[in-house]
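Structure first, commentary second.
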Amino acid sequence: MRSSADPSATIGAMSEVASVLFGREDIRRRIEELGRTITGDYEGRAPILVSVLKGGSVFLADLIRAIGLPLAIDYMSISRYGGATESMGRVRIVKDLEQDVGGRDVIVVEDIVDTGLTLSYLISVLQSREPASIEVCALLDKAARRIAPLTIRYRGFECPDVFVVGYGLDLQERYRNVPDILAVHDLASLDEDPDLLLSYLPVPPA
Ligand code: IMP
Ligand code: MG
15 MRSSADPSAT
25 IGAMSEVASV
35 LFGREDIRRR
45 IEELGRTITG
55 DYEGRAPILV
65 SVLKGGSVFL
75 ADLIRAIGLP
85 LAIDYMSISR
95 YGGATESMGR
105 VRIVKDLEQD
115 VGGRDVIVVE
125 DIVDTGLTLS
135 YLISVLQSRE
145 PASIEVCALL
155 DKAARRIAPL
165 TIRYRGFECP
175 DVFVVGYGLD
185 LQERYRNVPD
195 ILAVHDLASL
205 DEDPDLLLSY
215 LPVPPA
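Numbers 15 to 220, taken from my numbering, label the letters of the sequence shown in order.
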C-alpha cells in the first residue's frame, strides 16, 4: 500500500512500530459500499450528517461524496474530562451544531467508536432535540473496549484492540493526514520519537 520510495531498511524498522491495518483502497471501497447502503436506506429523504471534530472530518468528506442524496452536514466538537472508566463519562460540548436537528434524519459520523462514552453522550444530547431519526455511521468499531452500549447502524470495519492513526485519526494531533489506517504496535517508541511514522505521510507528486 505504500507509495513512498523509502529505502527498504527504513520500512523494515518502521514495521516494528506500526503497520498498515486498512489500506487506502480498502477504505475507499468500503466507503463506496456504505454510501450505497445509506443512499438506499434514506431514499426520498435529506439527512443531516453530523461529524465529530476533528477525527471524523476526513471520513465525512469522503462519505458524503459516496451518498446520492440531498444531504446537509454539520460539525460538533466535544471534549471528555474525567477518566474513560467513569461509568457516565463526563463530556462537554465545545462547539455546537449550527443547524436545528428537530424533525430531521440525523446520521452521526464518527472515525472510531472506542468505549462509546463520547457517542452515547452525544446521542442523548441530540435525542433531546427531537430529530425524526438518529443513526450512527462509524468507520471503525473497537467493540472489545465498549463501555457504553451503542447501536452502530453503519460500520466500516471492526477494529482490533490496538491504537490506530491515519485517515483523520491522530496521536497527539499528528498523523491525521496519513492516507492509510495504521496499527501502532509500539506506542512507547513513538512517544520517545514522534517522527517514527513520517514515511507513511503522503508523497506529493513532483
Ligand atoms: P470513546 O468515547 O472512547 O468511544 O472515544 C472515541 C474517540 O477517542 C474517537 O472519536 C477518537 O477521537 C479517540 N480514539 C479512540 N481510539 C483511538 C485510536 O485508536 N486512535 C486514535 N484515536 C482514538
Ligand atoms: Mg473522534
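A virtual CB, placed ideally from N, CA and C, is assigned to each residue, including glycine.
Note to self: Given this structure, state the Cα-to-Cα distance separating ASP128 from ALA80, to the nearest angstrom.
What the structure shows: Each residue's CA atom was taken as its position, placing ASP128 and ALA80 some 25 Å apart.
Next item on the list: Alpha carbon to alpha carbon, how far is VAL122 from GLU206? Give it in angstroms, no decimals.
Entry: Taking C-alpha positions only, GLU206 is separated from VAL122 by approximately 35 Å.
Notebook entry, point to check: Taking 8 Å as the cut-off, is the CB of ILE126 close to at least one heavy atom of the ligand IMP?
Noted result: In terms of side-chain proximity, the C-beta atom of ILE126 is found nearer than 8 Å to a non-hydrogen atom of the ligand IMP.
Next item on the list: Return the first residue and the last residue of the beta strand (DSSP E) that VAL64 is part of.
Entry: Here the beta strand (DSSP E) through VAL64 covers 62-66.
Item checked: Backbone CA spacing between ILE126 and ARG190 [nearest angstrom] -> When rounded, the distance between both Cα atoms is 13 Å.
Next item on the list: State the Cα-Cα distance for the pair TYR214 and GLU39, rounded to the nearest angstrom.
Entry: Whole-angstrom Cα-Cα distance: 15 Å.
Next item on the list: Please work out which residues of its chain come closer than 7 Å, Cβ to Cβ, to ARG160, disregarding the five sequence neighbours upstream and downstream, and give them in chain order.
Entry: Closer than 7 Å at Cβ, skipping near neighbours: THR129, GLY130.
Check: Any heavy atom of the ligand IMP closer than 8 Å to the Cβ of PHE36?
Finding: Checking every heavy atom of the ligand IMP against the Cβ of PHE36, none is found closer than 8 Å.
Notebook entry, point to check: Residue range of the beta strand (DSSP E) that VAL34 falls in?
Noted result: Unbroken beta strand (DSSP E) run through VAL34: 32-36.
Margin query: Can you give me the C-alpha to C-alpha distance between LEU201 and PHE177, rounded to a whole angstrom?
Written below: Here the alpha carbon of LEU201 sits roughly 8 Å from the alpha carbon of PHE177.
Check: Across which residues does DSSP place LEU183 in a beta bridge pair?
Finding: Partner(s): GLY180.
Next item on the list: With a 10 Å radius around its C-beta and 16 neighbouring C-beta atoms as the bar for buried, classify GLY70 as buried or exposed.
Entry: With 16 or more other CB atoms across the displayed protein chains lying within 10 angstroms of its CB, GLY70 is buried.
Note to self: the ligand IMP and ASP205: does the residue's C-beta get closer than 8 Å to at least one heavy atom of that ligand?
What the structure shows: In this structure, the C-beta of ASP205 stays at least 8 Å away from each heavy atom of the ligand IMP.
Check: Thinking C-beta only, is VAL115 closer than 9 Å to ILE62?
Finding: Yes; because the gap between Cβ atoms is below 9 Å, this pair is in contact.
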